[in-house]
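Chains as they are written, first to last, in my numbering: chain L, 602 to 868; chain A, 5 to 597. Report on the following structure.
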Amino acid sequence: MGKFFAVTIIVIAIASAIPILRHTWDPPQDISTHGALIDRQTEETMAEAGIAFLAAQFILAIFIWKFSGRDKDAKITTFPGGATGLVVAGFLLVGTEVLALGVFGVKAWADVYFTPPSANAMPIQVQAGQFAFYFRYPGPDGTLGPLHPNLINEANENFFGLDTTNDADSKDDIVTAEMAIPVNREIHLLMHSKDVGHSFFVPELRVQQDFVPGLDLSLHFTATKIGKYEIVCTQLCGLGHYNMKAYLYVYSQEDFDNWLKKEAAMQ
Amino acid sequence: MHDMSTQAVHHHEPTTFIRKHVFSLDHKVIGKQYYALALVAVLTGMVLSWIMRLHLGWTNLAIPGLHFLSANGAPGDVMTPEYYLQLMTMHGTIMVFFVLTTAPFAAFGNFFLPIQVGAEDMPFPHFNMMSFWVTFVAFLVLISSFFVGDGPSLGGWTQYAPLSAVGAVGGPGEGLGTLLWAASIGIFCIGQLLGSLNFITTTLDLRVKGMSMMRLPLTAWAWFITSCMGLTAFAVLMPACILLILDHVAGTSFFVPSNLVINDQLQPHSGGSTLLWQHLFWFFGHPEVYIAIVPAFGIVSHVLITNMRRPLLSHRVVIYSMGAVAVLSYMVYGHHMFVSGMNPFSSLAFSFPTLIITIPNTIVVLIWIGTLYGSKLRINTASLFALGFISMFVSGGVSGFFLAQPSIDIMLHATYFVVGHFHMVMAVAAIFGIFAGTYFWFPKMTGRMMNETLGRIHFWLSFVGTYCIFMPFHYLGLAGNVRRYQAFVADYMQPLIPVHRFITVAALFTGAAQVIFLYNLIHSRFWGKPAPDNPWEATSLEWSTATPPPFDNFGGKHPVVYHDPYQYGVKSSVGDYVMQTSPEQVATVSEEK
């Protein structure tokens, strides 16, 4: 029974590792400038975690195979090095591993969160609400008008609560239900929620950030590949959470300008 | 050493049915009551997970009879999106609080901690009785939300504000359902605080002569450390629940900021903080993970040592590691909030302790595996589950390396990778600990043996089934599959649906295998082979008394302890072990200085 158990553990360990080694379910292809660092960090962690996983399962299995069901008179022996050796090994192996992961991981994190967006980054505002994202572009004046939550009215399509009659800055603002950005241009995303918690997740862009009601948060990124992607909500926000998504179009500068003009005309 | 057990509160054996079996002061009865509650809870939680899994595999599937549970939630037996979230919230809450906290800690701890220290009972039996009944009321309050208004809360077991705090306007179940949730968990906290107080006092004050702290079995140490965590963690969750209730009923705004607009209506709240809830919740929530798993560390050590016929390579190292895990558990909670919008520097501050907490956990695993080397391992259902725990804990643990790093968490946060991680490392691992404890202690608790063949079949199906369910969760997460979705409508998630179907089938099979356990449990309870006092040739105090133990545990005697807890691999008059209470002088392995 012990030997059978040992074999089962080994079979499970190998079977678990196969899809990882074959990259069966990898994340979608990266289209951001910062994503390579995150991907490399993930791969390194996968290598270290994978080795730890396989080593632990194999050793466990081997010891079960070897030491289960022994004779009554068999001699009990002690693992070479005893507890001290294992504690030192634990500290050294795992300590070095986690320290390395932690220290190198800081770089990938810092790239996203510790560097401010560049001065010419393009501002886009995104508002999350049950169960849709809306986007606002500043228009020709380059300034986003102020928000008046009491004016929010979905029936009148005033999703942001803009006062276009009195606020000069709001008059040329362009509100859209889809997000479009020019390729290779840094985007400065200004995020707020109008009701409950939501999140902004675009796997290809390697960005995920919660919307926190009461806080204005921001995020910056640059997309490097033209295409159509999905923005999904990852923070449980109510019954329509699963269906809260929007499309992100990454256009050439020219296509983007045309798109924005078309959207401006529809306001 | 001074015999502290004489300080115990003495109470007489009850004679009426009510005082014997219902409102009992006897820690053993209370332990069994907790176990029974956990059993009812785990069956409820498991059925909920079946329904959810069926829905995730086949979204428009009619599940016969579901409309009986909720006519609105499942019209024509097909689940609505909101009902999925409501079942999910109940599954998580029931499992975390009423199974993973009650079974390994409150159930086994109540039954065995006083016996293992040599006491007649806990020091505050009335508090002990109250702790169970309060927990029972908390369970009823939670379950009642199925049958009121628009059903249970849909906010998830983490109940993030402001969704949880704005009331009915937030969606179905967010009014009365969430209020009942908060009330239930608030009440639950009271039960755990009372229980923790009793556990701590029992360990510190009621040890018999000769039972120094270092002579306590690892289970007793695990329960002691867990109760220290419980005392501080639940003391934070309870006020958080009270504040949440006040936001619902008293017009306060602890967790709701200004200017929220829901359904085009400006909400009448101002000045609250949504992140405050997350900080309070996770300050409880992360220690809670260890409240579930540390007792399992104790049980697995206890069961394995007995079946390896040797003490661990180091008793102290395991105790110190469990202590280190407990202390660190309060410093890591922010890793749940990397993308929450808190200061990005805080993320790094929480990341390092999270990575460091793997060190004591790894050391415990290394000590177990290292002790296995050169042992005389006995394979039985209890030891299989204990070894299965190690395998499961390692598999779930390594995925923690990813989630501990904020940069990687950007991709994996709120995906099925997280679901796979915590189900393996905390939920299933702890459940394996509970199974190991059940097969090991059942003879002492009931006076009868469990059926070994059925036990092994149960183990094999559970072990393989669990991997089939939870390993693919990690793959789904790597591919970006978001959790807490009732259907996968995003284009990039469509190809993942077959994986969900595979998981659903595996979950149904593994769940069905638990019927074997249930049958074994109930059948053996009444018709099992009568158990001897010490069927496993074990050393700790629970095996030195009658099976099942008499009302006062030791039949009017006060045991005296002569040895460290795990004296196996020695030559004594009874075999290869010497009991803690045996005055026999043998050449023993001692760490006691």
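Heads up, the beta-carbon is just placed ideally off N, CA and C, and yes, glycines get one too.
Whether residue i touches residue j by CB criterion (8 Å)
| i | j | result |
| --- | --- | --- |
| G214 of chain A | V564 of chain A | yes |
| P536 of chain A | T549 of chain A | no |
| L235 of chain A | I189 of chain A | no |
| L359 of chain A | V699 of chain L | yes |
| L840 of chain L | L184 of chain A | no |
| L317 of chain A | P357 of chain A | no |
| G579 of chain A | E541 of chain A | yes |
| L308 of chain A | W225 of chain A | no |
| L112 of chain A | P299 of chain A | The amino acid at residue 112 of chain A is misidentified as Leu; the sequence shows Phe. Yes, these two residues count as a Cβ contact at 8 Å. |
| Q90 of chain A | Y164 of chain A | no |
| A491 of chain A | Y848 of chain L | no |
| V803 of chain L | K826 of chain L | no |
| Q731 of chain L | F761 of chain L | no |
| L388 of chain A | F664 of chain L | no |
Residue(s) in a DSSP beta bridge with residue i
| i | result |
| --- | --- |
| A239 of chain A | According to DSSP, A239 of chain A bridges with nothing at all. |
| A847 of chain L | L:I832 |
| E787 of chain L | L:T823 |
| P724 of chain L | L:H789 |
| F736 of chain L | L:V727, L:T777 |
| V582 of chain A | A:Q571 |
| V265 of chain A | A:L270 |
| S669 of chain L | A:L381 |
| S633 of chain L | L:A824 |
Residue i in three-state terms, based on DSSP
| i | result |
| --- | --- |
| L250 of chain A | helix |
| Y566 of chain A | coil |
| P534 of chain A | strand |
| T609 of chain L | helix |
| S9 of chain A | Since pLDDT at S9 of chain A reaches only 49, below the 50 mark, its modelled position is unreliable, and the value read off the structure follows with that caveat. It is helical. |
| L270 of chain A | strand |
| S135 of chain A | helix |
| T744 of chain L | coil |
| Y852 of chain L | strand |
| T182 of chain A | helix |
| I615 of chain L | helix |
| T419 of chain A | strand |
| T551 of chain A | coil |
| N557 of chain A | coil |
| Q163 of chain A | coil |
| G283 of chain A | First, the residue type needs correcting, since residue 283 of chain A is His and not Gly in the sequence shown. Correct three-state label for H283 of chain A: helix. |
| D154 of chain A | coil |
| T598 of chain A | Any property of residue 598 of chain A remains undetermined from this structure, which presents chain A solely from 5 to 597. |
| S594 of chain A | Low confidence applies here, because S594 of chain A scores a pLDDT of 48, under 50, leaving its location unreliable and the question unanswered by this model. |
Proximity test, residue i beta-carbon vs the ligand MG heavy atom, cut-off 7 Å
| i | result |
| --- | --- |
| L622 of chain L | For the ligand MG, the structure offers nothing, since it holds no ligand at all. |
(message) Contact between the stretch 26–43 of chain A and the stretch 490–498 of chain A is defined here as three or more beta-carbon pairs at a separation below 8 Å; is this criterion met?
(response) Taking a cut-off of 8 Å on C-beta distances, the stretch 26–43 of chain A does not touch the stretch 490–498 of chain A, as fewer than three cross pairs fall below it.
(request) Just list the alpha helix (DSSP H) runs in the stretch 371–410 of chain A, keeping only unbroken ones of 4 residues or longer that don't cross its boundaries, in chain order. (result) 385–402, 404–407
(message) Within 8 Å, do at least three Cβ pairs link the stretch 184–201 of chain A to the stretch 132–139 of chain A?
(response) Look at the beta carbons and you see the stretch 132–139 of chain A touching the stretch 184–201 of chain A: at least three pairs across the two are nearer than 8 Å.
(message) Report the start-end ranges of each alpha helix (DSSP H) in the stretch 447–531 of chain A that is 4 residues or longer and not cut off at the edges.
(response) 456–482, 501–531
(request) Counting only runs of 4+ residues fully inside the stretch 28–93 of chain A, write out the alpha helix (DSSP H) ranges in chain order. (result) 31–61, 70–73
(request) Answer yes if the stretch 622–641 of chain L comes into contact with the stretch 681–695 of chain L, meaning at least three C-beta pairs across the two stretches below 8 Å, and no otherwise. (result) By the Cβ rule, the stretch 681–695 of chain L does not count as touching the stretch 622–641 of chain L, because fewer than three pairs are nearer than 8 Å.
(message) Please give the ranges of any alpha helix (DSSP H) in the stretch 746–822 of chain L, keeping only runs that are unbroken, at least 4 residues long and fully inside the region.
(response) You should have found no qualifying run.
(request) Mind the definition here: the stretch 471–480 of chain A touches the stretch 603–622 of chain L only if three or more C-beta pairs lie below 8 Å; say whether that holds. (result) yes
(request) Count the CB pairs spanning the stretch 411–421 of chain A and the stretch 806–813 of chain L that are closer than 8 Å, and state whether there are at least three. (result) yes
(request) Please determine if the stretch 393–402 of chain A and the stretch 256–275 of chain A are in contact, where contact requires at least 3 C-beta pairs separated by less than 8 Å. (result) no
(request) With a floor of 4 residues, list each alpha helix (DSSP H) that falls wholly inside the stretch 322–371 of chain A, ordered by position along the chain. (result) Runs of the alpha helix (DSSP H) inside the stretch 322–371 of chain A: 348–360.
(request) Inspect the CB distances between the stretch 718–726 of chain L and the stretch 781–797 of chain L and report whether three or more fall short of 8 Å. (result) yes
(message) Quick check: the stretch 339–346 of chain A against the stretch 403–413 of chain A, are at least 3 beta-carbon pairs closer than 8 Å?
(response) yes
(request) Say whether the stretch 553–561 of chain A touches the stretch 515–527 of chain A, bearing in mind that this needs 3 or more beta-carbon pairs closer than 8 Å, one atom from each stretch. (result) Contact between the stretch 553–561 of chain A and the stretch 515–527 of chain A is absent, because fewer than three Cβ pairs lie under 8 Å.
(message) Closer than 8 Å is the cut-off here; do at least three beta carbon pairs connect the stretch 117–124 of chain A with the stretch 16–28 of chain A?
(response) no
(message) Pairs of beta-carbons, one from the stretch 104–118 of chain A and one from the stretch 442–451 of chain A, closer than 8 Å: are there three or more?
(response) yes
(message) Could you check whether the stretch 246–266 of chain A touches the stretch 734–745 of chain L, counting it as contact only if at least three pairs of C-beta atoms, one from each stretch, sit closer than 8 Å?
(response) Contact fails: fewer than three Cβ-Cβ distances are below 8 Å.
(message) Taking 8 Å as the cut-off, does the stretch 638–657 of chain L touch the stretch 825–840 of chain L (at least 3 CB pairs, one atom from each stretch)?
(response) no
(message) Contact between the stretch 49–56 of chain A and the stretch 93–103 of chain A is defined here as three or more beta-carbon pairs at a separation below 8 Å; is this criterion met?
(response) Yes, since at least three Cβ pairs between the stretch 49–56 of chain A and the stretch 93–103 of chain A fall closer than 8 Å, the two stretches touch.
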